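J.:
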Amino acid sequence: MDFSQQFFQQMINGISLGSIYALIALGYTMIYGIIKLINFAHGDIYMVGAYIGFFAITQAQIHIFPAILISMVVTGILGILVERLAYKPLRHAPRISVLITAIGVSFFLEYTSMYFVSPTPRTFPAMLGGVSIHVGELVINGQQLTILGVTILLMAILTYVVQKTKIGKAMRAASFDTETAELMGVNADRVISFTFCIGSALAAAAGVMVGMYYNSIDPLMGIMPGLKAFVAAVLGGIGILPGAVVGGLILGIIEALVSGFISSTFRDAAAFAILILVLLIKPSGIFGKNTREKV
Amino acid sequence: MGKRRNDIIMLGFSLVLFALLQGAISAKLIGSFWTLNLTLIGINIILAVSLNLINGYTGQFSLGHAGFMAVGAYVGVVLTTNFHVPFIIALLAGGAAAGVLGCLIGLPTLRLRGDYLAIATLGLGEIIRIVIMNIEYVGGAAGFKGIPHHTNFAWVFFVMLFTLFFIKNFVNSAHGRACIAIRENEIAAEAMGVNTTKYKVTAFTLGAAFAGVAGGLFAHCFYLISPNSFTFMQSFNYLIMVVLGGLGSITGSIAGAFFVTFISAALANWPEFRMIIFALMLILLMFYRPQGLFGYIELTNFKIFDKIFRRKEARQ
Amino acid sequence: MSGELLRATNVSQVFGGLKAVSDFNFYINKGELVGLIGPNGAGKTTAFNLFTGVYTPTEGEIIFGGKSIVGLKPYQITERGIARTFQNIRLFSELSVIDNVKIAYHSRVKCGLFESVFRLGRYFAEEKKIADEGRKLLKIFKLEDKINETAKNLPYGAQRRLEIARALATKPKLLLLDEPAAGMNPQETNELMEMIRWIRDEFSLTILLIEHDMSLVMGICQRIYVLEYGAVIATGTPTEIQNNPDVIKAYLGTEE
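Residue numbers (our numbering), protein chains in the order written: chain L, 1 to 295; chain P, 296 to 611; chain E, 612 to 867.
(1) Do the CB positions of F703 (chain E) and N350 (chain P) come within less than 8 Å of each other?
(2) Report yes if the C-beta distance between T348 (chain P) and L542 (chain P) is below 8 Å; otherwise report no.
(3) So which residues of chain P does C832 (chain E) contact, with C-beta pairs closer than 9 Å?
(4) Does the CB of P283 (chain L) have a neighbour CB from chain P at under 8 Å?
(5) Does any C-beta atom of chain P lie closer than 8 Å to the C-beta of T689 (chain E)?
(6) Starting from N332 (chain P) and walking both ways along the alpha helix (DSSP H), at which residues does that stretch end?
(7) Buried or exposed: where does D189 (chain L) fall if 16 or more other Cβ atoms within 10 Å of its Cβ makes it buried?
(8) Express the C-alpha separation of P791 (chain E) and E799 (chain E) in angstroms, rounding to a whole number.
(9) Under three-state DSSP, which class holds H360 (chain P)?
(10) Tell me the residue span of the alpha helix (DSSP H) that contains K164 (chain L).
(11) Please identify the residue among E:V645, E:I810, E:T663 whose C-alpha is closest to the C-alpha of F752 (chain E).
(12) Figure out for me which residue from P:A560, P:L575, P:V370, P:M528 has the closest Cα to the Cα of A504 (chain P).
(13) Determine the DSSP secondary structure at N801 (chain E), reduced to helix, strand or coil.
(14) Just checking, does the stretch 261-270 of chain L make contact with the stretch 208-218 of chain L on the three C-beta pairs under 8 Å criterion?
(15) Under 9 Å Cβ-Cβ, which residues of chain L neighbour A415 (chain P)?
(16) Using the DSSP secondary-structure output, state which residues sit across from R618 (chain E) in a beta bridge.
(17) Opposite Y836 (chain E) in the DSSP bridges: which residues?
(18) With burial defined as no fewer than 16 other Cβ atoms inside 10 Å of the residue's Cβ, what is the status of E813 (chain E): buried or exposed?
(19) Note down the Cα distance separating F589 (chain P) from A319 (chain P), rounded to an integer number of angstroms.
(20) Curious, which full-length alpha helix (DSSP H) runs of at least 4 residues does the stretch 382-409 of chain P contain?
(21) Would a check of beta-carbon distances place P522 (chain P) closer than 8 Å to chain L?
(22) Would you list the residues sitting across from I133 (chain L) in a DSSP beta bridge?
(23) Cβ of F600 (chain P) less than 8 Å from any chain E Cβ?
(24) Starting from the C-beta of F600 (chain P), find all residues in its chain whose C-beta is less than 7 Å away, skip the five residues before and the five after it, and write them out in chain order.
(25) For G189 (chain L), list the residues DSSP reports as bridge partners.
(26) Does chain P have any CB closer than 8 Å to the CB of F54 (chain L)?
(27) Rounded to whole angstroms, what's the CA-CA distance from Y767 (chain E) to G794 (chain E)? Just pull it up for me.
(28) Using only alpha-carbon positions, find the residue among E:K782, E:L819, E:M825, E:S815 that is nearest to N801 (chain E).
(29) Listed in chain order, which residues of the stretch 89-102 of chain L have Cβ atoms closer than 7 Å to some Cβ of chain P?
(30) For the beta strand (DSSP E) that contains D789 (chain E), what are its first and last residues?
(31) Would you verify that the beta carbon of V708 (chain E) is, or is not, closer than 8 Å to some beta carbon of chain P?
(32) Kindly indicate if chain P contains any beta-carbon less than 8 Å away from that of Y111 (chain L).
(33) Could you run through the stretch 112-131 of chain L and flag, in chain order, every residue whose CB is less than 7 Å away from some CB of chain P?
(34) So, using beta-carbon positions, are T178 (chain L) and I80 (chain L) closer together than 8 Å?
(35) Would you call F675 (chain E) buried or exposed, if buried means 16 or more other Cβ atoms sit within 10 Å of its Cβ?
(36) Kindly indicate the opening and closing residues of the beta strand (DSSP E) around I821 (chain E).
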């Protein structure tokens with residue numbers, strides 16, 4: 001393959017990876033938008049989602065798509081539980097306390113999972129290997145097609161829910177100004193639960209698809225993608241849904257290019273370098289507006 | 296001059312404690328496993344107290360401590376192993392290198408607040424680790440081998456004692472008050488004449504430098520160190536110590552470092568349980584005692600000493 | 612006790628297209644007690660933030676003691692001699708009352724880092740001096756029996772007094788008080804008025820205050836500036852201001 005072909009192949013890989021980041025980043029950004037919390041445990045929710053998908057496929061012998069759906073439902077409920085049990089009691093606590101709690105929840109999910117499923121990585125059954133599209137010498141394989149298809153579908157549903165439904169409008173109102181929204185009759189607790197549910201379900205879908213894409217899952221698999229999805233959310237402008245998607249895609253592409261053309265060991269460093277540059281140059285992200293603290 | 300008298304009393308206690316522990320180690324009353332852990336407790340106290348200076352006293356939430364520790368460790372082992380430099384010089388050089396890096400990183404990043412700073416320092420710590428991983432000279436991802444075993448309990452104890460003395464006196468001086476003012480209310484601190492940037496960077500630099508020294512001590516406990524010893528999970532470990540003990544209490548950090556290291560050693564064969572316990576402790580602590588076990592209280596604040604002495608003085 | 616202490620010339624402050632303050636002209640003479648009034652959102656606190664370096668003006672010049680202070684950081688302006696209190700109290704709430712005041716001596720601490728950590732030379736003498744002066748100041752503000760109390764546990768009025776004491780500890784030439792009487796009952800307000808007059812004379816201060824309580828403003832201020840929509844609409848003595856039709860309109864609406 002010549003340079004341009006390799007470039008485009010990496011772009012395809014990057015967009016697939018970026019879609020995963022985008023799905024996780026959406027949850028981050030929605031949760032941050034509403035309760036101003038960096039939900040450190042979000043990456044671990046994604047890990048739990050991957051395991052549920054794994055067990056659905058291997059134990060219940062079902063196909064990938066219903067497995068994704070089951071995983072989304074169960075993980076969505078887990079998201080609600082986490083919020084109710086760990087974050088709700090701290091609604092008015094200092095933000096650093098909530099952040100520390102989130103780190104605690106993250107550890108809790110990682111290591112309780114480890115206790116139940118053992119620390120050894122599990123091999124995800126190979127799926128959709130036969131399907132692939134060839135464009136010249138470029139290959140888009142079945143897993144990548146699934147990732148792209150499912151991501152686009154979920155984003156369309158999410159857009160509909162947020163823009164058109166009553167609960168979606170309540171979500172937008174609450175993320176704009178929680179107190180005023182409450183005065184207007186929005187039930188903030190319900191909206192927050194709903195946000196955690198949706199965010200967790202999206203992460204679960206990403207988890208199952210990553211298991212399928214890389215063929216391997218383990219209890220600590222959520223840490224790095226979780227952090228990177230946060231980078232994606234910050235890059236796009238935290239709290240802004242389209243920002244999370246664009247941020248995720250940009251990050252995925254940059255990572256694929258860095259590992260393809262420089263060295264895969266610098267992949268993680270690239271993501272963090274982007275984070276720091278964004279925070280220093282434009283902390284509000286690509287789509288964000290600058291705000292200043294009131295004195 | 297009560298404060299200086301307290302210092303002397305505390306120094307006396309420390310020396311007695313050292314004599315007892317060192318005696319027990321020399322007499323083989325404490326086996327090699329627990330001797331190593333005692334040494335690690337000392338190193339972790341240095342790391343926890345120095346992180347507390349940044350996170351607890353100055354209120355700047357850093358999650359990159361392991362990165363500075365790594366810098367100190369690698370500078371130290373290169374100097375002792377490849378250049379046969381005396382241990383103390385290697386430790387100081389490691390601390391200085393980490394401090395300089397802390398200052399360079401701190402200047403731009405400390406403009407960020409709260410959770411953004413946390414995640415940026417976490418990223419910087421990881422970048423430091425990844426860069427080390429890509430330096431062939433220090434063994435890359437495989438690690439650095441053949442490190443002389445310089446660290447023993449005595450070294451750790453006295454470096455720890457110096458760290459405690461330094462940080463305690465720092466936070467009780469006008470400079471430390473400036474840092475605490477930033478934690479309490481940055482805008483008011485600035486309005487009271489505190490150059491907030493300068494003091495944030497000072498605290499960050501000092502914290503990083505002590506982490507570097509601790510890294511040097513840590514590295515010389517082992518034959519080999521690798522970049523994987525310094526992941527952000529390590530930074531989280533020190534954070535747990537500081538948060539358990541209390542953000543803004545040196546006594547708390549000592550207790551936290553002791554507790555976390557001890558539990559980790561005792562549950563070495565059940566690593567999941569260890570982390571589940573820490574996770575639950577963090578969460579429950581934030582619910583019921585967010586200021587940590589010790590809050591802002593110091594053991595030396597207890598008026599016991601003063602009372603004893605005052606009674607004596609009154610009698611005379 | 613005469614001559615100009617602070618002058619703002621054609622100062623404007625724009626936030627994302629919105630002019631918080633526009634063409635603001637202002638001066639205050641040494642020893643004067645001046646009030647800044649106006650409806651909510653008129654730009655009063657923005658003016659304070661401009662004087663203290665929290666914001667850098669988009670346009671215009673601010674001269675303090677003969678030198679420009681535009682572009683200086685807040686701590687540098689504090690060193691030059693402007694101190695302030697905050698509308699929404701900003702104490703170091705977890706610290707003791709005395710520590711709140713001690714921090715304000717920061718600019719005048721001479722001990723370096725090394726000296727402080729190893730407690731050499733003048734360290735103890737300097738710490739003692741700061742503690743003694745702090746205590747003296749707290750006595751003036753009737754806080755001497757609360758020295759070791761945590762600031763957040765003080766009653767509201769005491770917190771406001773502590774903020775003023777803390778500001779005075781920076782040894783200012785110009786003191787800016789942002790709604791010092793907010794939340795006080797009439798008796799407390801009267802006491803506060805007495806205290807403001809007294810500290811001005813005792814510390815030979817110049818005082819600028821923002822206040823909604825008209826009895827306080829009219830009672831102690833020698834001159835008053837009225838702001839509306841970021842612009843000065845009137846200035847003069849209390850009597851002149853009370854009879855100014857523009858001011859009446861701004862406060863009571865357009866109906867005559």
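C-beta: ideal position from N, C-alpha, C; glycine also. Keep in mind that this is a model prediction, so the values were computed, not measured.
T.: Here's the rundown:
(1) no
(2) The sequence shown places Leu at residue 348 (chain P), not Thr. In this structure, L542 (chain P) does not lie closer than 8 Å to L348 (chain P) by Cβ.
(3) None at all; the shortest Cβ gap to chain P is about 23 Å.
(4) yes
(5) yes
(6) 327-347
(7) exposed
(8) 11 Å
(9) helix
(10) 142-164
(11) E:I810
(12) P:V370
(13) helix
(14) no
(15) F272, L275, I276, L279, L280
(16) E:Y638, E:I674
(17) E:L647, E:T846
(18) exposed
(19) 29 Å
(20) 382-404
(21) no
(22) L:I140
(23) Residue placement at F600 (chain P) is poorly supported in this model, since its pLDDT is 49, which falls under 50; the coordinates still yield a value, given next. No, its Cβ sits nowhere closer than 8 Å to a Cβ of chain E.
(24) Unreliable placement is indicated for F600 (chain P), whose pLDDT of 49 sits below 50; the coordinate value is still reported in the next sentence. Correct list, in chain order: N301, I304.
(25) First, the amino acid is wrong: residue 189 (chain L) is Asp here, not Gly. According to DSSP, which records beta bridges pairwise, D189 (chain L) is partnered with nothing at all.
(26) no
(27) 8 Å
(28) E:M825
(29) P89, L90, A93, R95, I96, S97, L99, I100, T101
(30) 785-789
(31) no
(32) yes
(33) T112, M114, Y115
(34) no
(35) buried
(36) 817-821
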